[in-house]
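Novice: What follows is a structure written as structure tokens; I'll ask about it next.
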Amino acid sequence: TRTVATLNGTLATTRWIVALLENHQQADGSVRVPEGLRPYLGGLEVLEPVR
Numbered sequence: 003t004r005t006v007a008t009l010n011g012t013l014a015t016t017r018w019i020v021a022l023l024e025n026h027q028q029a030d031g032s033v034r035v036p037e038g039l040r041p042y043l044g045g046l047e048v049l050e051p052v053r
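If you want it as structure tokens, here you go:
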């Protein structure tokens, strides 16, 4: 048997991160976490920028 190649998955990962940031960024620079992703972030609702 051979291992599965995951090259396409590693290169496209940043695209969804950019889309998430662009679509959910607030005026103060924070990013609202969509409800569907909150369980994977420990229930976190907002990502606050480091100042």
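For the sequence shown, this note's numbering begins at 3 and goes up steadily by one. Think of the CB as a built atom: it goes at the ideal place given N, C-alpha and C, for glycine as much as any other residue. These numbers were taken from a predicted model, which means no experiment stands behind them.
#1: Thinking Arg17 and His26 are a contact (beta carbons under 8 Å), I'd like their distance in whole angstroms, please.
#2: Comparing C-alpha positions only, which one of Leu49, Thr3 and Gly31 sits nearest to Leu39?
#3: With distance defined between alpha-carbon atoms, name the residue in Ile19, Gly44 and Asp30 nearest to Pro51.
#4: Where does Leu49 sit, in a helix, a strand or coil, going by DSSP?
Specialist: To lay it out plainly:
#1: The pair is not a contact, with the Cβ atoms about 15 Å apart (cut-off 8 Å).
#2: Leu49
#3: Of the listed residues, the one whose Cα sits closest to Pro51 is Asp30.
#4: When secondary structure is reduced to three states using DSSP, Leu49 falls in the strand class.
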